[in-house]
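Student:
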Amino acid sequence: MVPTIFYAACAIAAAGLALLLMQSGSKFRTGATILGLAGIAWILVIVVQTIPTPASEMGPLGLMILCAFVSVASAVRVITHHRPVFCALYFVLVVVSGAAIYVLLSAEFVAFSLVIVYAGAILITYLFVLMLAQQSPADIGSADAVDYDRIAREPAGAVIAGFVLIAVLGGSVFSVSEQKAESILDQNRAIRQGWSDLSMMPKLLLEQARRTDSTVTAVVARTDGQMIAVQTDHSAIISVERAGQMTPTDLTLAPSLLPDNTSRVGMALVKRFPVSLELAGIILLMAMLGAVVLARKQTDIADDDRRALAGLGKVIDGSQSSQGKANR
Amino acid sequence: MTQLTSIPQAIIAPELSWIGLAMLLPLLAAVACALCCALRVKGKAAAIITILALGASFGIIVKAYFAYTGPVQVPIFQWLTFQWGTSQFQSFTANCGMYIDTLTLYWMLFVTGLGTLISIYASEYMEGDCGAGFSRFFFGICIFLFSMSTLVLGDNLIMLYLGWEGVGLASYLLIGYDYARPAAVAAGKKAFIMNRIGDLGLALGIFMLWANYGTLQYSELFAAMNNGGQTLVDWDLSVIPFLLMLGAFGKSAQIPLFTWLPDAMEGPTPVSALIHAATMVTAGVFLIARMYPFFELHPQALATVAWVGGLTALLAATIGMAQYDIKRVFAYSTISQLGYMFLGLGVGTTFGACYHTLTHAFFKALLFLTAGAVMHGFAGQLDLRKLSGLRQLPGWRIVSWTMFVGCLWLSAFPYTAAFFSKDAILLQALTSVRADFRFLGWLGLFTAALTAYYTFRVWFRVCAGPLHFEPGAEVHHEPNDAHDTHGKPASASVAKSTHAFHPHAPRWAINGVLLILALGALVVGVPAYNNTFAHKDNWVQQMIAGSSAMEGAGLAEDHGSQASEEHPTVLGMDAHTGLTVVGCTASIGGILVAWYLHLRSRKSADQLRAALLRRWWIRWVPICMENKWYVDEIYHACFRLPMWLGSQILAFGDRHFLDGVMVDGLAKIPIAVGKLFKPLYGGALQGYAATMAGGIALVVAWLSWIWLRGFN
Amino acid sequence: MLLIWTSILFPIVAAFAVAIGPTKSAKWIAFAGTLVSLGALTIFAWNFPAWHNAEHFPNTTGPSWIPHAGITFSVGFDTVSLLLALLSAFLMPLCIVGSFSAITERTKEYYGWFLVLGSSIILAFAARDAILFYIGYEFTLVPMTLIIAIYGGTERRVAAIKMFLYTFLGSMFMLAALLYIGWEHRLAVGAWDFDIDTLTKTAIRLPSSTQYWVFAAFMVGFAVKVPLFPLHTWLPLAHDQAPTAGSVILASAMLKLGTYGNYRFALPMAPAGGVDLMSFVAVLAIIAIIYASLICWVQTDAKKLIAYSSVAHLGLCMLGLFALNPVGAEGAVFYMVNHGLSTGALFLCIGMFYERYHTKDTDVVGGLAKRMPIWASFMVLFTLASIGLPGLNGFIGEFLCLGGTFISEHDVQTGYPGVLGPWYAVVAGLGLIFAAMYLLILLGKIVWGPLREPHDDAAHATPAVRLPQDLCFREIAILTPLAVACIWLGFQPKPMLDAIAPCAEKMLANYPKEVERYMSQSAGTPLASLSGKTNESRDE
Amino acid sequence: MNQELSSGFTIAANAPIAVALAISALLFVIGLVGFLCRRNMIIMFLCTELMFQGAALAMIAFARLRMDVSGQVFVIFILTVAAAEAALALALVVLLYRKRETLSADAWSDLGES
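Chains as they are written, first to last, in our numbering: chain S, 3 to 330; chain P, 195 to 906; chain H, 530 to 1069; chain Z, 89 to 202.
1) What does Ala887 (chain P) touch in chain Z if you count any residue whose Cβ is under 8 Å from its own?
2) Between H:Thr552, H:Glu1034, H:Phe586, which lies nearest to Lys637 (chain H) when the distance is taken from Cα to Cα?
3) Please check if any C-beta of chain H sits within less than 8 Å of the C-beta of Gln272 (chain P).
4) Check the Cβ of Gln842 (chain P) against every Cβ in chain Z and list those closer than 9 Å, keeping chain order.
5) So what's Val235 (chain P) in DSSP terms, helix, strand or just coil?
6) For Leu415 (chain P), which option in P:Phe386, P:Ala288, P:Val379, P:Gly382 has the closest C-alpha, if you only look at C-alpha atoms?
7) Looking at chain P, which residues of the stretch 156-173 of chain S have a Cβ within less than 7 Å of any of its Cβ atoms?
8) Please confirm if Lys889 (chain H) has its CB atom under 8 Å from at least one CB of chain P.
9) Skipping 5 residues on each side, what residues in its chain have a beta carbon closer than 6 Å to that of Trp404 (chain P)?
10) So the beta strand (DSSP E) Glu859 (chain H) belongs to, where does it begin and stop?
11) With distances taken from CA atoms, which of P:Lys257, P:Met419, P:Cys818, P:Leu229 is nearest Met485 (chain P)?
12) My parser needs the beta strand (DSSP E) runs of 3 or more residues fully inside the stretch 453-520 of chain P; what are they?
13) With distances taken Cα to Cα, identify the nearest neighbour of Thr82 (chain S) among Z:Leu134, Z:Met155, Z:Leu109, Z:Ile166.
14) Quick check on the DSSP output: what are the complete alpha helix (DSSP H) runs of length 4 or more inside the stretch 768-827 of chain H, in order along the chain?
15) Listing by chain order, which chain P residues have their CB less than 8 Å from the CB of Lys1042 (chain H)?
16) Starting from the C-beta of Arg244 (chain S), find all residues in its chain whose C-beta is less than 7 Å away, skip the five residues before and the five after it, and write them out in chain order.
17) Skipping 5 residues on each side, what residues in its chain have a beta carbon closer than 7 Å to that of Thr298 (chain P)?
18) Using C-beta distances below 7 Å, list every residue in its chain close to Ile591 (chain P), excluding the 5 sequence neighbours before and after it, in chain order.
19) For a cutoff of 8 Å on Cβ pairs, would you count Thr912 (chain H) as touching chain P?
20) Which chain Z residues are close to Ala910 (chain P), counting only those with a beta carbon under 7 Å from its beta carbon?
21) How is the alpha helix (DSSP H) around Leu843 (chain H) delimited, first residue to last?
22) What residues in its chain sit with their C-beta under 7 Å from that of Asn705 (chain P), if we drop five residues either side in the sequence?
23) In chain order, what residues of the same chain lie with their CB nearer than 7 Å to the CB of Leu704 (chain H), ignoring the 5 residues before and after it?
24) Please state whether the Cβ-Cβ distance between Ala788 (chain P) and Phe654 (chain P) is less than 8 Å.
25) So with CB distances below 7 Å, who are the chain A contacts of Ala113 (chain Z)?
26) So the candidates are Z:Tyr185, Z:Lys187, Z:Arg186, Z:Leu178; which of them puts its Cα closest to the Cα of Val294 (chain S)?
27) So, Pro587 (chain H) versus Met673 (chain H), is the Cβ gap smaller than 8 Å?
28) Please state whether the Cβ-Cβ distance between Tyr366 (chain P) and Ala397 (chain P) is less than 8 Å.
29) Work out the CA separation of Val87 (chain S) and Val107 (chain Z) for me, nearest whole Å.
30) Quick one, are the C-beta atoms of Thr891 (chain H) and Leu968 (chain H) less than 8 Å apart?
31) If the cut is a Cβ gap below 7 Å, which residues of chain S does Ile890 (chain P) touch?
32) Determine which residues of the stretch 128-154 of chain Z have a Cβ less than 8 Å from any Cβ of chain S, and write them out in chain order.
33) Measure the C-alpha to C-alpha separation of Val50 (chain S) and Leu253 (chain S) and round it to an integer number of angstroms.
34) Are the Cβ atoms of Ala224 (chain P) and Ile337 (chain P) separated by less than 8 Å?
35) Which whole runs of the alpha helix (DSSP H) in the stretch 576-638 of chain H are 4 residues long or more, in chain order?
36) Which residue from H:Ile600, H:Ala598, H:Phe654, H:Phe577 puts its Cα closest to that of Ala614 (chain H)?
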């Protein structure tokens, strides 16, 4: 693939986005949308056609492309819509389609947590804040949105910067992959990793062993010190003690007994990144405290006195112009 | 010049280190005086300590004189010594040690002797400052004596340099003793700086000697000269005498560097007597006498010394004739007499020079001390027009008559000691084979007449004639009185206070010292009588002959052998006789003129001056003489002013060009570049973000370009 | 080793103690910290086994710091660095005591930063690892900039920033040279190593043209610090604006880092460059002497005058170093110590009268001998030491520097590559005259003369700390050790000279080879032509 | 099967993963463009969330490619950070809105000189 083609696709997509952002009238909007979608489609085509896809993966690929269109289109709407509330709702769509892609990429746990956390929690917070900080329609006047929502800020420059970034990145990455184009999904490695994860979960391991052979009483280390020996057919041999047997014997576990995504993520979280997990907790706590401190009403008695002297009423909510001026 | 006879080799005699006490005692006394100063001692403790220490060191020198058998080198301790290789050149040796030969002893005798006497004098003279600067004054005297002893006794040129600068320091501190007077401070500064110019010459000369001979020890240097002047480097040796000479000219106030000495009279009179007349200024003579062999490295070196000396003598005498301040007259006479000494050294009679140094030390100290007594008694009055007939004043007889003695000696009255010493110099000049030296001899004779005139001008004015005096405003508090009133009539206010003023006559310490000095001035003539009447080597000649200056000692046998070949003549007579006649004429003639103009009819002096000033073709003579030939002004215009202007320009350039344009200008480049990109950082949040995004895009583009290039 | 680290780290510990301790006790903690540092260093020096050879002690490699970059915590002294470190450690408590009355606001930060400053200076002198040296060398800038920027005069910000940027820019070149030699070492050996001795061994094997550039880079870095003539303009401003103790340390210890750098790095590491650039640097040094002296002459600000005099004095020091013979090198090292003592003392003196009169303008204040006789005595003593009066410390270094310059040319025959000569010494010697001139003018203005005091009652109305008219006991106690050191070194320089001599030789150890190399080349090289010229002049 | 290039880049040569990466890049860039273009502070933060989405998607894609759950774990951390950021940022926005009574980011350009 020649990078130039990729650059052209990026340019078309960029032009569409720029036109959409410029808001120069509804007659362009359709054309701009088509242009943008075409550009994005071209980019996806280039990406897909770079890599020979086996027939077995055509189904997921199709779904993926569908999700991609939904996701990108709603992302574009997030940044082009005049009404902040709609932006937030389009963002929900981005999140949901994103979650679908996660599922396609076999990351079910994260997909669901994404929906719960983003769509359920964060976006709701955004909506609350939008309500809190939204001016009443009377202030806005004629149009359906305030000026700063309607008029984009130097869209051309921003779009150029963004798409130059994607062009150089994509251009370099996808143009090189051309000659080395083959699937690098390393099934062996995944299996090994899975078994290794399982070996770190003794209880689950014992459970899986019992599922294979109910007489197993304990799983012990093998003679070479490892818990599990992975076979070429993706099965694994472990050393177990059975009821009534003095010496440990081998037991073969079928690949179907590998742990699922959720347990593996959980395992990784607590076994491999425990400190990060703790830190994340602290960050959340701090964020909570910070939010409380920041969003608290910034009024005090002195402030009220000052306002009283100025002939103004008591502070009802924090937003008072005199205060703003005083702070400048 | 004949080739050198061998300088006696010094032997190392550590057992003589007790002579070092002559250096150490003044130093200890200086420390004690500093303590007195710090403790604010009210009494005369400092003076007593000083007198005792100096007296003791005089005693030590006398003892050393009697114990003297031959040149010795006395190591004391290692001072500035290190080496970095094995050969002689690869070391630098300047130890604290002494080189004692007759020249050393000769010098030390009168330095410590006069130092003691003048300290006694000062203990009375300075008593007004008891509790204030008294201890500081004696601290300076002690430092001076220490430095002078080091200069003379030291066994190498670095020790000499130490003393050389040390006496400069003492001179600086003592001239600026009365530090509240700007004139005194300026004079001290001037003295130090002008001496520094000479010192640079001396230092370079020392380097040159070191580079060439690999040593700075006198004994080794003389040994090298005895061995035919073997050198390590074949550099041009002939600059050595000129460099050393520069140092000597600075210290002894010779022509290019003489202007500091008259100004140095701002110091207290004992200082003028001790440092600026008797001892320190003769250090230049000592240096040349000590390093005499090296002055023959260039054929014109000694001639230069002679010319400088002769011209200085004349110039200073002409200035001295026109001064009204007694101390200034004596200061110029000092320069003039030093000129004679250099003339003597230059024409080849170290004997004459050293002898004149000795006689001059006595009579000039005497003269200064009498001037000091007058100043002390008349509240700082030194203008010779405002004092008259002091010899009639009760209590001032000793001062008057000792001054008379000093004046006789200074004017080289026949058969005084100074007559002989000057005679020795002029004789050598007049009988020289070189025409220019003979010319210098006649010039010296003319100068002698001028000297007699201006000397007795002072005496006839101040001590003779009708009694009349006006007190000065106390010089210690009023800076401008005594020194800057030349040519102005006495102010009415001063005249008014005359009635109430009672000059306080000097007491025993001043009178005693004056008498001793007058006696000394008589005594130093004894060797000359010995020489003149017995026709054999006198004491001074013997002293000189035993040292490095033996070349010009003029011993009788040399003299005799020379005489047998061709006896030089002066005015067709035998040289001795002729010179005696001419010298007497000059001296007595000068005195008679002074007698007429300044005692017999004082008006005629003013008339003469007025007559000279009326005639345009001659008026420059008195004007220039009174204004010291404008030497200070010329120096100011030629050196100080251009340098000062240059400095201002440099300072301005440093601040505004080098720092302002170059450095700050360079610093402005990044500022300008920053201004270029300033719009990107206008404060709006997205501006920063856009810049960042663009930057990332650029960096990624660059990286991927590199990456792609690496793979294709 | 323990003692060295004590002297380096204890001030930092004390700085922490100052930071967390009460404000009132800050100055005493700082004083104690510096005293311990000085004490440790003194004990070390007392037992120092290498006084009479040029070896480092301890001569072992310290614990590794960044192993794969070959950077270690190696510290050790040779005589020269020990003397300079002792000088810094000696001045540090004096400066702290000197600041008791001058610094009355934000004292904790002041003393804390001061301790850090002392520590980094000693680190720079003690370092045997080039990178460690660089860290100490650069880190001095941080506390010094803060001290100037917070506690300085009216233009303190500009002065501090200028000092920082200027010297920092210069030392970038120095760092580049160090890294380059380290890189060459890696190419030759295969591993990084920044031990100074190792780097020296590597550097002297580089080709002449490379050494030329290495030397030039070193020179740029160190010349800014020294400071050499065209690169000096940060110094007067910094000195003028710095608080007294800051000026003292700046002049006495920090500038010495520049000359020490020449001694330790530039000259031994790049002898070929040294030979090539010797006359150039010497000419700059001479210009510095004359130029700064002349500027001193017309300065009315006492501190600026002393600052410019530092430029002139260090010019002489550089001249001695670049005479490239043992005499000059010895004199230069001796002069570093002496300049530290006498100029530091002068700055202290000026600071003391500034505290009383709140001006440094010599046109406004004068004749203080009447008011402050004790101060005046000290001032005169230190001025005379600075002038280079024989018998005081300044003379020895000055004389040897000039002497070294004088015989430099002649040294071609004895194995040292000097090209300077009598004429350089003559011109540089003029500096001695000028030094006497401007320093005596300073004395004449502020010490002697009729009493002049500013009639500025506002300055006296609210003194932060009441000071007696003349010096108080504390101030006398500060100046007395300095005065004793000045006099003692003047009368008994031999032990120190003996200690320096082997180091001076070692610094120049690689030069005789250079001379041979030049001599073996055909005529037309600078040295050959110069020695030829010398012969001609001899023949005349 | 595993193809690692010497420079360290791993090429996504599986079509769904490649598409996912492309989407992640597009999301990121659209978020960036939105951040730069929109003036409403809340929308700007929403756009940063978009960029987070892009980054998270890339993580998931690479986790799939390498068959390693660490990527997914990091997405969880990203979620955490996003949540914290949203909480703080929105609190700040509210605060700023109170001061100037507008959500426009242009109202806050005090960082700029003059």
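Think of the CB as a built atom: it goes at the ideal place given N, C-alpha and C, for glycine as much as any other residue.
Tutor: So, from the listed chains and residues:
1) Leu120, Leu124
2) H:Thr552
3) yes
4) Going along chain Z, no residue has its Cβ under 9 Å from Gln842 (chain P), so there is no contact; the nearest lies around 39 Å.
5) coil
6) P:Ala288
7) Gly159, Ala160, Ala163, Gly164, Val166, Leu167, Val170, Leu171
8) no
9) Leu410
10) Careful: Glu859 (chain H) lies outside any beta strand (DSSP E), inside the alpha helix (DSSP H) at 855-886.
11) P:Met419
12) none
13) Z:Leu134
14) 773-778, 784-790, 800-826
15) Per Cβ cutoff of 8 Å: no residues; Lys1042 (chain H) is ~16 Å from chain P at best.
16) Thr217, Val218, Thr219, Thr251
17) Val346, Leu347
18) Before going on, a small fix: residue 591 (chain P) reads as Arg here, not Ile. Only Arg585 meet the Cβ criterion.
19) no
20) Outside the displayed span of chain P (195 to 906) sits residue 910 (chain P), for which this structure offers no information.
21) 831-851
22) Ile592
23) Tyr663
24) yes
25) Here the protein chains are S, P, H and Z, and chain A is not one of them.
26) Z:Leu178
27) no
28) no
29) 29 Å
30) no
31) Leu167
32) Asn128, Ile130, Ile131, Phe133, Leu134, Cys135, Glu137, Leu138, Gln141, Ala144, Leu145, Ile148, Ala149, Ala151, Arg152, Leu153, Arg154
33) 44 Å
34) yes
35) 608-627
36) H:Phe654
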